[in-house]
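Just so we're on the same page, the numbering used here is the position in the sequence shown counted from 1, plus 212. Ideal Cβ positions, reconstructed from N, Cα and C, are used throughout, including at glycine.
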Amino acid sequence: MSNLKLGILASGRGSNFQSIIDAISSMRLKAEIAVLITDNPLAFAVERAKKHGIEYLVIRPKEFASKDDFFIKIAEELKKRDVGLVVLAGFMRIVGKPLIDAFPNMIMNIHPALLPSFPGLHGQKQAIEYGVKISGCTVHFVEEGIDTGPVIIQAAVPVFQDDTEETLSERILKLEHSIYPEAIRLFSEGRIEIEGKRVRIKEYVSSDISIVNPPIPKSLNPYIA
Ligand code: GAR
Numbered sequence: 213m214s215n216l217k218l219g220i221l222a223s224g225r226g227s228n229f230q231s232i233i234d235a236i237s238s239m240r241l242k243a244e245i246a247v248l249i250t251d252n253p254l255a256f257a258v259e260r261a262k263k264h265g266i267e268y269l270v271i272r273p274k275e276f277a278s279k280d281d282f283f284i285k286i287a288e289e290l291k292k293r294d295v296g297l298v299v300l301a302g303f304m305r306i307v308g309k310p311l312i313d314a315f316p317n318m319i320m321n322i323h324p325a326l327l328p329s330f331p332g333l334h335g336q337k338q339a340i341e342y343g344v345k346i347s348g349c350t351v352h353f354v355e356e357g358i359d360t361g362p363v364i365i366q367a368a369v370p371v372f373q374d375d376t377e378e379t380l381s382e383r384i385l386k387l388e389h390s391i392y393p394e395a396i397r398l399f400s401e402g403r404i405e406i407e408g409k410r411v412r413i414k415e416y417v418s419s420d421i422s423i424v425n426p427p428i429p430k431s432l433n434p435y436i437a
């Protein structure tokens with residue numbers, strides 16, 4: 213069977229993009245990055261694509277008559293390359309309906325908070341200002357609402373009382389780099405099922421997620437006999 217083709221959409225630094233590149237190179241993830249699409253020509257993600265010989269396209273919304281046209285163009289470029297999963301990796305735009313319709317349940321996003329808490333921008337800052345003691349990150353499917361789609365994997369970190377947005381972001385980012393490739397792996401293995409809002413992982417074994425969330429004590433873990 214041929215590898216799942218990924219289309220990555222990123223607007224900035226691209227460290228999550230890098231974590232996917234690394235997971236593929238180290239064979240933890242069997243997939244192929246078909247293209248990086250960015251809306252920002254200055255995105256560091258572009259440098260990463262160049263370094264790794266990955267095709268990239270800069271597609272800027274201002275070149276289109278409408279937001280829909282911008283997303284139609286992105287969908288066309290992804291389809292042309294036979295992309296089977298669209299991966300938003302720090303793509304700082306609300307995805308338009310034409311792209312969602314072109315890839316139903318085939319677009320993933322990573323968000324730096326435990327959704328449904330703190331959706332939208334600056335999830336880490338929102339968590340600090342709210343005063344929660346635990347935050348984390350979420351990989352979810354993208355639907356029309358903002359950060360509302362079915363949750364695939366979450367991982368939690370403590371929020372310390374002296375945390376700043378920067379220190380919490382750094383702690384969360386480390387986990388982002390584990391859970392994103394893991395979610396893509398489960399998808400590439402055809403093991404993700406969606407029932408309403410709930411995602412089920414077929415043939416679940418505890419090691420699937422144990423790299424991102426520390427093991428639960430045996431007595432509390434239904435997956436350990
Ligand atoms: C990541 O923290 C990601 O969770 C966040 O942007 C950062 C991108 O970093 N995404 C969002 O806030 C989406 N709402 P990266 O460019 O280094 O991957």
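Contact test: I220 Cβ vs ligand 1 heavy atom, cutoff 6 angstroms: For this step, residue 220 is matched to residue 8 along the sequence shown. No.
Residues of its chain near P253, where Cβ-Cβ distance is below 6 angstroms and the 5 sequence neighbours each way are ignored: Along the sequence shown, one-based indexing puts residue 253 at 41. Closer than 6 angstroms at the Cβ level, and outside the excluded window around P253, lie V270.
Beta-ladder partner(s) of P370, from DSSP: The sequence position of residue 370 within the sequence shown is 158, counting from 1. In DSSP, P370 forms a bridge with I346.
Cβ contact (3+ pairs, closer than 8 angstroms) linking the segment 287-295 and the segment 375-395: no
Inter-residue spacing [alpha-carbon to alpha-carbon] between Q336 and N228: If you number the sequence shown from 1, residue 336 lands on position 124. If you number the sequence shown from 1, residue 228 lands on position 16. For Q336 and N228, the distance between alpha carbons rounds to 16 angstroms.
The beta strand (DSSP E) enclosing N321, as first and last residue numbers: Position 109 of the sequence shown, counting from 1, holds the residue named residue 321. Per DSSP, N321 belongs to the beta strand (DSSP E) from I319 to H323.
Closer than 6 angstroms: N252 CB and nearest ligand 1 heavy atom: Here the question's residue 252 lines up with position 40 in the sequence shown. No - ligand 1 has no heavy atom lying nearer than 6 angstroms to the Cβ of N252.
Beta-carbon proximity of I365 to G332, cut-off 7 angstroms: Here residue 365 refers to the residue found at position 153 when the sequence shown is read from its first residue. Here residue 332 refers to the residue found at position 120 when the sequence shown is read from its first residue. Not a contact, by the Cβ cut-off of 7 angstroms.
Nearest-angstrom Cα separation, counted from D374 out to D280: Within the sequence shown, residue 280 is the residue found at index 68, counting from 1. Within the sequence shown, residue 374 is the residue found at index 162, counting from 1. Roughly 43 angstroms separates the two Cα atoms.
Nearest-angstrom Cα separation, counted from P324 out to V371: Here the question's residue 371 lines up with position 159 in the sequence shown. Here the question's residue 324 lines up with position 112 in the sequence shown. Each residue's alpha carbon lies about 13 angstroms from the other.
Separation of R305 from M318, as counted between CA atoms: Residue 318 sits at position 106 when you count from the first residue of the sequence shown. Residue 305 sits at position 93 when you count from the first residue of the sequence shown. Each residue's Cα considered, the two are about 17 angstroms apart.
Contact belief for G219 with A246 at Cβ below 8 angstroms, rounded distance in angstroms: Here residue 219 refers to the residue found at position 7 when the sequence shown is read from its first residue. Here residue 246 refers to the residue found at position 34 when the sequence shown is read from its first residue. Contact flag correct, Cβ pair sits at about 6 angstroms.
Pairwise C-alpha distance: G308 and H334: Locating residue 334 in the sequence shown gives position 122, where the first residue counts as 1. Locating residue 308 in the sequence shown gives position 96, where the first residue counts as 1. Going by the C-alpha atoms only, they are around 21 angstroms apart.
Alpha-carbon to alpha-carbon, S390 and A339: Numbered from its first residue, the sequence shown carries residue 339 at position 127. Numbered from its first residue, the sequence shown carries residue 390 at position 178. Approximately 21 angstroms, taken between the alpha carbons.
Any heavy atom of ligand 3 nearer than 7 angstroms to the CB - residues listed: Ligand 3 is not among the ligands present in this structure, which contains only ligand 1.
Start-to-end residues for the alpha helix (DSSP H) that takes in Y392: To locate residue 392, count along the sequence shown from 1; it is residue 180. E377 to S400 is the extent of the alpha helix (DSSP H) around Y392.
Exposed unless 16 or more other CB atoms sit within 10 angstroms - verdict on S400: Sequence index remark: in the sequence shown, residue 400 carries index 188 (1-based). Buried, since its Cβ has 16 or more Cβ neighbours within 10 Å.
V295 in three-state terms, based on DSSP: Along the sequence shown, one-based indexing puts residue 295 at 83. In this structure, V295 counts as coil in the three-state DSSP scheme.
Contact check, P362 vs V411, beta carbons under 7 angstroms: On the sequence shown, position 150 is the one that residue 362 refers to. On the sequence shown, position 199 is the one that residue 411 refers to. Yes, these two residues count as a Cβ contact at 7 angstroms.
A314, enclosing alpha helix (DSSP H) - first and last residue: Stepping through the sequence shown from its first residue, residue 314 is reached at position 102. It spans K309 to A314 - the alpha helix (DSSP H) in which A314 sits, taken as one unbroken run.
Sequence-distant residues of its chain with Cβ nearer than 7 angstroms to L326 (five each side left out): Residue mapping note: residue 326 aligns to position 114 of the sequence shown, counting from 1. Closer than 7 angstroms at Cβ, skipping near neighbours: S347, G348, T350, Q366 and A368.
Among S419, E355 and R240, nearest to I406 - alpha-carbon criterion: Counted from its first residue, the sequence shown places residue 406 at position 194. Nearest of S419, E355 and R240 to I406, Cα basis: E355.
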